[in-house]
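What follows is one structure encoded as structure tokens, with my remarks underneath.
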Amino acid sequence: MNDVNRVETVTLDPENPWLGLFSYSEETRAYFHGRDEEAAELARRVQRKLLTVLFGQSGLGKTSLLRAGLVPRLRGEDFCPVYVRIDYAPGSPPPSEQIKQAIFRATAEAGHWTRPGSSIEGESLWEFLHHRGDLLRDANGHTLMPLLIFDQFEEIFTLGQADDAGRLRAKQFLEDLADLVENRAPAALEKRLEEDDSAAEQFDFARADYRVLIALREDYLAHLEGVKDIMPSITQNRMRLARMNGAQALSAVVKPGGKLVSQEVAEAIVRFVAGGSELANAEIEPSLLSLVCRELNAARQAQGRKEISADLLAGSRDTILSEFYERALVDQPAGVRRVIEDELLTESGYRESLAEERVRKALDAAGAAPDALATLVNRRLLRIEERLDMRRVELTHDVLCGVVLASRNQRHAREAREQAERQLAEQREREAATHRALLRTRMVATVCVVLLVLAIIAAGFGFIGMHRAKTAQAEAQASRTHAENLVGFMIDDFYNELAPTGRLGTLGMLAQKSVDYYNGLPPTLRTPETEINKAMALVRLGSAQIASGNQKTASRNFGEAEAIFEKLRAAGEDGEPVTYGLALILYNENYAAAAGGGTSAPMNQAAALLRPLAHGAHPSRRVLQLYADTLNLICLNQPPQQGLAICDEALKTLAGLGALDLSDLNAAASWADIADTKSGTLQALGRIDEAQKLEQQVFTMTEKVLARRPGDLHSLEDRYFASSRLAQLADSRHDVVTAANHATEAVQAAQDWVRFNPSSLDAWGRWA
-6 MNDVNRVETV TLDPENPWLG LFSYSEETRA YFHGRDEEAA ELARRVQRKL
44 LTVLFGQSGL GKTSLLRAGL VPRLRGEDFC PVYVRIDYAP GSPPPSEQIK
94 QAIFRATAEA GHWTRPGSSI EGESLWEFLH HRGDLLRDAN GHTLMPLLIF
144 DQFEEIFTLG QADDAGRLRA KQFLEDLADL VENRAPAALE KRLEEDDSAA
194 EQFDFARADY RVLIALREDY LAHLEGVKDI MPSITQNRMR LARMNGAQAL
244 SAVVKPGGKL VSQEVAEAIV RFVAGGSELA NAEIEPSLLS LVCRELNAAR
294 QAQGRKEISA DLLAGSRDTI LSEFYERALV DQPAGVRRVI EDELLTESGY
344 RESLAEERVR KALDAAGAAP DALATLVNRR LLRIEERLDM RRVELTHDVL
394 CGVVLASRNQ RHAREAREQA ERQLAEQRER EAATHRALLR TRMVATVCVV
444 LLVLAIIAAG FGFIGMHRAK TAQAEAQASR THAENLVGFM IDDFYNELAP
494 TGRLGTLGML AQKSVDYYNG LPPTLRTPET EINKAMALVR LGSAQIASGN
544 QKTASRNFGE AEAIFEKLRA AGEDGEPVTY GLALILYNEN YAAAAGGGTS
594 APMNQAAALL RPLAHGAHPS RRVLQLYADT LNLICLNQPP QQGLAICDEA
644 LKTLAGLGAL DLSDLNAAAS WADIADTKSG TLQALGRIDE AQKLEQQVFT
694 MTEKVLARRP GDLHSLEDRY FASSRLAQLA DSRHDVVTAA NHATEAVQAA
744 QDWVRFNPSS LDAWGRWA
């Protein structure tokens, strides 16, 4: 089994003189070349000023310069280097405490403090390093100067800003560090001294026997500028690390390589990494140069050659990085790539550092072998670093971020295509199911027409029989009434079947034939029950006409139906059929106005008609369904707090009809619509978490309804509104990624809505 701990201390030798993407250290400084001038310049700056800032682009070897270039020089000048890299994970100690722990660990190896125990928990960094008479001495009694080295300081502007608590800790740390580098007594200490000036004897205010070095990426220099008000020294002693020039790069190849590479081949390697530039004009990234040399050396060893030859140098820089990445993952499950690309790289493409335990669990869940992490470290793709006795895993070097990000983007694009293909296949299946449903409903329509014809024939026989014999009149009347009721029932059932998918053309024709039949009856055959059936046929005809955009004719038919119902009501016919019919007219004729935010007065009238029936004994399903739909439109036009109670009554009513277990799909579709209304009300009241939870249920319900009844226009519309509101709610929490995902869902939902209902201007407007 691979030994992760062994890999972390890489040993170089004459046969393997390049580290690749690993950083050089004090132990490997004999192989570190090409940065002598920068190391000397940086050492002079550190010796001269209390604070030094080193900045440069990623991949230029800042860490190697510090560890293998600067530190060996300063150790001989009585400096005690203290490497500091803050752990910003939740639950970790405050940054200042981490720094003090790092100082204790480093100084314990280098020497001892002359007044041990002077430090107390919770004191500032300035107090920690200003205790009177507490000096750091080596074994020979020489005074040592602590040098705090903050490598990758940009993490305070990335990892340190993960949440409000992290931002507060970062702010406090910067203030503490500012007091230290400005050699300024903290405000809390000054306040304490005002109350007790004897405490001043504990500190040496003139001490400046320590140094601070901050190293960060150049693209975060502007962030550092943001603290210059409290830390003006950050602008006074800066050093920019540039790319290597041709001569420096050649030294970095030839001096470690020795007999493995000739001068001619070394020059070719430098030109290759520089993109073809001649040595005099070359600008080279050291990390990439080291990786190319290591890869070439590996190829040399694999072929059993004594030295690197020019023919081994082929391809491009990006190709070498890509091949290195792919070769590291060649025998790993696909899930390992996802862990690396999704967990160890931030959304914006920077390295992420995670606890080793978390990475091991992620790899295990991805189906990787138990020694997968050790394998990836051994292949130099990942590295493990100790921080505060915690092992953390990250990509070996920033230079890999580009190729890992490119791989992630390609994978996401591929997964998106595959998802789109699956959705397309599902959509085609839904369309096929819709087509089958349409064929079935056409068959139902045919049966309805036949029944209508039979009703007409029965009515004819009844009319003839009336003149033949009084004894046959009752039988004919019963036969005709039964046929009329059956046709009315079939029209209602047909409406419930076709209305959700918007295909009401056939229903309109059937309803029109029914109306024509009733209009043709002689007055002697028109009973109250016949008039109720005629009025309901007019209502269904008007509903079909509204769906086709014929509002004027629909209003005329609604008016005629209302007149019939009111006449029956005045004559004492006030049962459910008449009451339901009047409420249905109010709902259908005024739906658009109420849904658009207009007056809810007609809906209040409809609810008032239905409420006694809905709350009575054994209400019918159609009454409860219409009552709940009416309450939804009332809720839309009420103050938020009052609207919540109305929505809750409607949702409870639909749950009783079987909405939640989908035993009634019309109730389920209405439940999603009303729940969306309630979610909007909760959002208006500022109850964001409740709104988000309910809206997610809306989205889930619409998906379930569409899986059983493809093309349900109500659910297609509500699925769009659910995705859109979820995007708004995520955006209000500043969750940009989730908001973008829901926005993408909303676009897809709008496309589906348009595809199934291309005549809807509202659907087209949402898609646009």
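Quick note: the sequence shown uses our numbering, first residue -6, plus one each step.
Note that CB positions come from ideal geometry on N, CA and C, so glycine has one too.
It should be emphasised that the depicted structure is a prediction, and the values quoted were computed from it without experimental measurement.
Taking the C-beta atoms as reference points, Leu167 is found no nearer than 8 angstroms to Asp71.
Ranked by Cα distance from Gly239, the options Ile262, Val77, Asn583, Glu642 are led by Ile262. By the CB criterion at 8 angstroms, Ala742 and Arg718 fall outside the cutoff.
In the assembly as shown, His405 is an exposed residue. Its beta-carbon has fewer than 16 other beta-carbons within 10 Å. A residue is called buried once 16 or more other Cβ atoms fall within 10 Å of its Cβ, and Ile113, having fewer, is exposed.
Taking every protein chain shown into account, the CB of Met383 has fewer than 16 other CB atoms within 10 angstroms, so this residue is exposed.
Leaving aside the five residues that flank Glu555 on each side, the residues in its chain whose CB is nearer than 7 angstroms to its CB run, in chain order, Leu575, Ile578.
Gly62: not part of any alpha helix (DSSP H); DSSP gives it neither H nor E.
In this structure, DSSP gives Tyr17 a state outside helix and strand, which the three-state scheme calls coil.
With contact defined as three or more Cβ pairs closer than 8 angstroms, the segment 701 to 711 and the segment 725 to 732 are not in contact. Just measuring C-alpha positions, the residue of Gly297, Arg293, Asp669 sitting nearest Leu306 is Arg293. Considering only Ala163, Tyr17, Glu187, the residue with the shortest C-alpha distance to Ser85 is Ala163.
Around the beta carbon of Asn133, fewer than 16 other beta carbons lie within 10 angstroms, which makes this residue exposed.
The continuous alpha helix (DSSP H) containing Met694 extends over residues 681 to 701. Inter-segment contact for the segment 362 to 379 and the segment 240 to 259 is absent: fewer than three beta-carbon pairs are separated by less than 8 angstroms.
Per DSSP, His216 has no beta bridge partner at all. By the beta-carbon neighbour count (other beta carbons within 10 angstroms, threshold 16), His707 is buried.
The beta carbon of Glu688 is closer than 6 angstroms to those of Ser672, Ala715, Arg718, Leu719 in its chain, skipping five residues each way along the sequence. Beyond the five residues adjoining it in sequence on each side, Glu738 comes within less than 7 angstroms, by CB distance, of Ser716 in the same chain, given in chain order. Residue Gln721 holds the alpha-carbon nearest to the alpha-carbon of Gln676 among Ala178, Ala665, Gln721.
Ala208 carries a strand assignment under DSSP once its states are collapsed to helix, strand and coil.
If only uninterrupted beta strand (DSSP E) runs of at least 3 residues are considered, those enclosed by the segment 111 to 146 are 138 to 143. The residue among Ala61, Leu253, Ser111 with its C-alpha nearest the C-alpha of Asp197 is Ser111. The beta carbons of Leu393 and Val386 sit no closer together than 8 angstroms. Every alpha helix (DSSP H) stretch that sits fully inside the segment 324 to 376 and reaches 4 residues is listed by chain position as 327 to 336, 349 to 358, 365 to 371. The Cβ atoms of Glu102 and Ala61 do not sit closer than 8 angstroms to each other. Non-local beta-carbon contacts of Thr339 in its own chain, meaning distances under 8 angstroms to residues more than five positions away in sequence, involve Thr151, Glu345 in chain order. Residue pairing from DSSP places Leu388 in a beta bridge opposite Leu375. Per DSSP, Leu675 is one residue of the alpha helix (DSSP H) stretching across 658 to 677. When DSSP reads this structure, Glu276 sits in a beta bridge with Asn238. For the pair Thr546 and Lys506, the Cα-to-Cα distance works out to about 16 angstroms.
Under the three-state reduction of DSSP, Met383 is assigned to strand. Shortest Cα-Cα distance from Gln744 to any of Gly513, Leu417, Gln685 involves Leu417. Using a Cβ-Cβ distance cut-off of 8 angstroms, the segment 246 to 256 and the segment 277 to 296 are in contact, since at least three pairs of beta carbons, one from each stretch, lie closer than that value. Assignment of His105 by DSSP, reduced to helix, strand and coil, places it in the strand class. Taking a C-beta distance under 8 angstroms as the contact criterion, Asp169 and Leu118 qualify as a contact pair.
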